[in-house]
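S.K.: Sending over a structure as structure tokens; questions will come in a sec.
Residue numbers (the working numbering): 63 to 132.
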């Protein structure tokens with residue numbers, strides 16, 4: 063990952079915090095292990111511009127739930 067866009071930088075920060083990328087085929091198993099987990103859908107932001115909102119949403123979640131162990 064080149065880390066030259068906000069989307070790439072977000073992924074790097076999420077991975078550094080220990081967040082786990084989950085594929086569609088593993089989602090049900092992951093939700094069983096992390097029932098309080100948050101799922102953010104991602105794809106190419108040029109193709110699906112809505113994913114560019116993820117950095118904002120993650121920041122809001124972290125501020126809203128500061129005591130939660132993400």
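The beta-carbon is built from N, C-alpha and C at its ideal position, and this holds for glycine as well.
1) Is the separation between the beta-carbon of residue 105 and that of residue 116 shorter than 8 Å?
2) On a Cα-Cα basis, can you pick out the residue from 76, 119, 101 and 80 that is closest to residue 88?
3) Express the C-alpha separation of residue 94 and residue 73 in angstroms, rounding to a whole number.
M.R.: By the coordinates alone:
1) Contact flag unset, no.
2) If we check each option's Cα against that of residue 88, 101 comes out closest.
3) Whole-angstrom Cα-Cα distance: 23 Å.
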